[in-house]
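Start counting at 1 in the sequence shown, then tack on 14, and there's your number in this note's numbering.
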Amino acid sequence: MLDTARIRQDFPILSRKVNGVPLVYLDNAATSQKPRSVIRALVDYYERYNSNVHRGVHTLSMEATDAMEEARQKVADFVNAESPSCIIWTRNTTEALNLVAQGWAMEHVAAGERIVTTAMEHHSNLVPWQRVARERGAELRILPLAEDGALDLSDVNSIIDTRTRLVTAVHVSNSLGTINPVKALAARAKEVGAAFLVDGAQSVPHMPVDVQDIGCDFMAFSGHKMLGPTGIGVLYARREALERMEPFLVGGEMVLQVSYEDATWNDLPMRFEAGTPNVADAIGMGAAVDYLNGLGMDRVREHEIQITGYALDAFGEIEDLDVFGPADPEKRGGVIPFHTTEVHAHDFGTVLDRRGIAVRTGHHCTMPLMETLGVAATARASFYVYNTEEEVDVLVDAVKEAMRYFLDGSR
Ligand code: PMP
């Protein structure tokens, strides 16, 4: 098991108080906190070897280039990519997904063909496909939701048919916690000759993820949700997929030869990284990967199953409170969305904040899913490596108190 007491000492922010009480940070699906080693990697870069990369022969530039490329290798190893040249730096998951939409789908999806996504996608993995479908005259199909918060795959073979060019799915839902069967979806996509893209924003930070084992062509994820800095994300793509992709940003760094009339593209992965990259945050993301590897991703996942199971049991005892997503903690990530008709999600958020508890409230960038669930908003607690069962107790007490406060009208 993870030694959470020791881990917490690595995160300076966790010792602060909010509204006079210790911070209970349960908004990890939105963004995670950063250990000292990640913060130090950023400071070290700016204090000792800040420089532009790839272009210089001077020492600082070579040190910065080496450190950024080392980080790329670490990220490649972390998800078992076949090569670091399959790792493209982006700003975040959203940009990585848009890179596939603009660079791959706009090139390869034709009128009358299909793009298939799911009913539980984050807007970032839905809106780009709406646009591609509209611009290419393609059809966007949605794999529906089952009662238990999983995907209903009873019609999967007719929805993912031979007209399908791209299948995409969120690996772990940020709104339900559901872990989707990405390996099976990859196999079905392959059967019909479609590419398969995984939104790994909520899986890569929380469980061992092996892109080759899944058999996906693309996977997108963000540094800031896995203990790394904001402003850095990743698109993993199989080499053959990258070779069939067009860069959607053109300019410096991504070219090989330029004349007044024309230009040729640089090698992979630089072809997709126009302009000066986010050197500092890429190095910071590498430090985050080191930290997670030090903990062991199997143990990270085990910890989350345990704390999620504990929270589900505790929430299950609160009358009139609905918890969405699969009942079995083995089938979900560390995300607990809760809802009652009596208390608005934002009121939950405000009352919990007074107790120092940070949760997210709202539609979690999944408006169509909220409509399917028949709610306007939920409150969502989400866990990570530093969260404890004691914090779950504080949360559950505060939720009960908020419900008493609003239900009794005893203000
Ligand atoms: N997909 C999922 C499943 C997410 O949870 C998020 C972040 N909430 C995103 C995509 C978008 O990530 P980012 O904001 O880092 O681009």
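Glycine residues also receive a C-beta, built at the ideal position from the N, C-alpha and C atoms. The structure displayed is predicted, hence computed values, not measured ones.
Legend entry - Inter-residue spacing [alpha-carbon to alpha-carbon] between Gln87 and Phe286: Taking the sequence shown and counting its residues from 1, one reaches residue 87 at position 73. Taking the sequence shown and counting its residues from 1, one reaches residue 286 at position 272. If you take the alpha carbons of Gln87 and Phe286, they lie about 17 Å apart.
Legend entry - Backbone CA spacing between Leu113 and Ala416 [nearest angstrom]: The residue you call residue 113 lines up with position 99 of the sequence shown. The residue you call residue 416 lines up with position 402 of the sequence shown. Rounded to whole angstroms, Leu113 to Ala416 spans 43 Å at the Cα level.
Legend entry - Helix, strand or coil at Glu331 according to DSSP, with G and I counted as helix: Within the sequence shown, residue 331 is the residue found at index 317, counting from 1. If DSSP states are grouped into helix, strand and coil, Glu331 belongs with coil.
Legend entry - Stretch-stretch touch, CB-based, cutoff 8 Å, three pairs: the segment 99-106 with the segment 235-246: yes
Legend entry - CA-to-CA distance, Met82 to Ala328, given in whole angstroms: The count along the sequence shown starts at 1 and reaches residue 328 at position 314. The count along the sequence shown starts at 1 and reaches residue 82 at position 68. Each residue's alpha carbon lies about 44 Å from the other.
Legend entry - heavy atom of ligand 1 below 7 Å from Pro213 C-beta: The residue given as residue 213 occupies position 199 in the sequence shown. It is worth fixing the name first, because residue 213 is Asp in this sequence and not Pro. Answer for Asp213: yes, Cβ within range of ligand 1.
Legend entry - Trp118 - containing alpha helix (DSSP H), residue span: Residue mapping note: residue 118 aligns to position 104 of the sequence shown, counting from 1. Neither: Trp118 is in no alpha helix (DSSP H) and is coded neither H nor E.
Inset, instruction - Please state if the CB of Tyr39 and the CB of Leu28 are separated by a distance shorter than 8 Å. - result: Sequence index remark: in the sequence shown, residue 28 carries index 14 (1-based). Sequence index remark: in the sequence shown, residue 39 carries index 25 (1-based). The answer is yes: Cβ separation under 8 Å.
Legend entry - Neighbourhood of Trp118 by C-beta, 6 Å cutoff - its chain only, sequence neighbours within 5 removed: Residue 118 sits at position 104 when you count from the first residue of the sequence shown. The residues are Met259.
Inset, instruction - Measure how close the beta-carbons of Ile430 and Thr132 come, nearest whole angstrom, since I'm counting them as under 8 Å. - result: Nothing can be reported for residue 430, as the shown portion of the chain is limited to 15 through 425.
Legend entry - Member of Asp162, Leu241, Lys204 whose CA lies at the smallest distance from the CA of Thr1: What is shown of the chain runs 15 to 425, which leaves residue 1 out entirely.
Legend entry - Start and end residues, alpha helix (DSSP H) containing Ser172: Here residue 172 refers to the residue found at position 158 when the sequence shown is read from its first residue. Here the alpha helix (DSSP H) through Ser172 covers 170-173.
Legend entry - Alpha-carbon to alpha-carbon, Asn188 and Ile319: As a position in the sequence shown, residue 319 is number 305, starting the count at 1. As a position in the sequence shown, residue 188 is number 174, starting the count at 1. Computed Cα separation, rounded: 16 Å.
Inset, instruction - For Val67, verify whether its CB is less than 7 Å away from any heavy atom of ligand 1. - result: Against the sequence shown, residue 67 aligns to sequence position 53. Every heavy atom of ligand 1 is 7 Å or more from the Cβ of Val67, so no.
Legend entry - Euclidean distance between Cα positions of Leu282 and Asp91: On the sequence shown, residue 282 is found 268 positions in, with the first residue counted as 1. On the sequence shown, residue 91 is found 77 positions in, with the first residue counted as 1. In a straight line, the C-alpha of Leu282 is about 17 Å away from that of Asp91.
Inset, instruction - State whether the segment 381-394 contacts the segment 212-226, with contact taken as three or more CB pairs (one from each stretch) at a distance under 8 Å. - result: no
Inset, instruction - Measure from the alpha carbon of Pro343 to the alpha carbon of each residue in Gly323, Ala296, Ala124, then state which is nearest. - result: Locating residue 343 in the sequence shown gives position 329, counting from the first residue. Pro343 has its Cα closest to that of Gly323, out of Gly323, Ala296, Ala124.
Legend entry - Enclosing beta strand (DSSP E) for Val93 [first to last residue]: For the purposes of this step, residue 93 is identified with residue 79 of the sequence shown, where counting begins at 1. That residue, Val93, is in no beta strand (DSSP E); it is neither H nor E in DSSP.
Inset, instruction - Output the boundary residues of the beta strand (DSSP E) element that contains Met259. - result: For the purposes of this step, residue 259 is identified with residue 245 of the sequence shown, where counting begins at 1. Met259 -> no beta strand (DSSP E), and no H or E assigned at all.
Inset, instruction - Just the C-alpha distance for Pro142 and Gly34, rounded to the nearest angstrom, thanks. - result: Indexing the sequence shown from 1 puts residue 142 at position 128. Indexing the sequence shown from 1 puts residue 34 at position 20. So the two alpha carbons sit approximately 43 Å from each other.
Legend entry - DSSP-derived helix/strand/coil call for Lys239: The residue labelled residue 239 in the question sits at position 225 within the sequence shown. Three-state result, Lys239: coil.
Legend entry - Sequence-distant residues of the same chain with beta carbon closer than 6 Å to Asp24, five excluded per side: In the sequence shown, counting from the first residue as 1, residue 24 sits at position 10. Taken in chain order, the residues that qualify are Pro49, Arg50.
Inset, instruction - Indicate whether Val264 and Gln216 have their beta-carbon atoms separated by less than 8 Å. - result: Mapped onto the sequence shown, residue 264 falls at position 250. Mapped onto the sequence shown, residue 216 falls at position 202. Contact: no.
Inset, instruction - Please confirm if the segment 144-161 is in contact with the segment 119-128, defined as three or more CB-CB distances below 8 Å between the two stretches. - result: yes
Inset, instruction - Rounded to whole angstroms, what's the CA-CA distance from Ser424 to Asp411? Just pull it up for me. - result: By 1-based counting over the sequence shown, the position of residue 424 is 410. By 1-based counting over the sequence shown, the position of residue 411 is 397. Interpretation of Ser424 is limited by its pLDDT of 47, a score under 50 that renders its predicted location unreliable; the figure taken from the coordinates is listed afterwards. For Ser424 and Asp411, the distance between alpha carbons rounds to 17 Å.
Legend entry - beta-carbon Asn194 near ligand 1 non-hydrogen atom, thresh 7 Å: Numbered from 1 along the sequence shown, position 180 holds the residue referred to as residue 194. It does not: the Cβ of Asn194 is nowhere closer than 7 Å to a heavy atom of ligand 1.
Inset, instruction - Would you kindly work out how many angstroms separate the C-alpha atoms of His431 and Gln144, rounded to a whole number? - result: Residue 431 is absent from the structure shown; the chain starts at 15 and stops at 425.
Inset, instruction - Could you please give the first and the last residue of the uninterrupted beta strand (DSSP E) stretch that includes Gly247? - result: On the sequence shown, position 233 is the one that residue 247 refers to. Segment 247-251, the beta strand (DSSP E) holding Gly247.
Inset, instruction - Report yes if the C-beta of Gln320 is less than 7 Å from at least one heavy atom of ligand 1; otherwise report no. - result: On the sequence shown, residue 320 is found 306 positions in, with the first residue counted as 1. Not so, every heavy atom of ligand 1 lies at least 7 Å from the Cβ.
Legend entry - Cutoff 6 Å; reference Glu403; Cβ partners in own chain excluding five residues on either side: Start at 1 with the first residue of the sequence shown, and residue 403 comes out as number 389. Answer for Glu403: Tyr324, listed in chain order.
Inset, instruction - Could you spell out the range, first to last residue, of the beta strand (DSSP E) harbouring Pro142? - result: Counting from one through the sequence shown, the residue named residue 142 turns up at place 128. First-last for Pro142: 141-150, but that is the alpha helix (DSSP H), not the beta strand (DSSP E).
Legend entry - Which listed residue (Leu74, Arg69, Ile53) has its alpha carbon closest to that of Arg62: The residue you call residue 62 lines up with position 48 of the sequence shown. Measuring from the Cα of Arg62, the nearest candidate turns out to be Leu74.
Legend entry - Complete alpha helix (DSSP H) runs within the segment 40-80 (minimum length 4 residues, chain order): 50-58
Inset, instruction - Please report how far the alpha carbon of Asp80 lies from the alpha carbon of Pro291, in whole angstroms. - result: Walking along the sequence shown from the start, residue 80 turns up at place 66. Walking along the sequence shown from the start, residue 291 turns up at place 277. Approximately 14 Å, taken between the alpha carbons.
Inset, instruction - Figure out for me which residue from Pro261, Glu316, Glu333, Pro382 has the closest Cα to the Cα of Ile102. - result: Start at 1 with the first residue of the sequence shown, and residue 102 comes out as number 88. The residue with the shortest Cα to Cα distance from Ile102 is Pro261.
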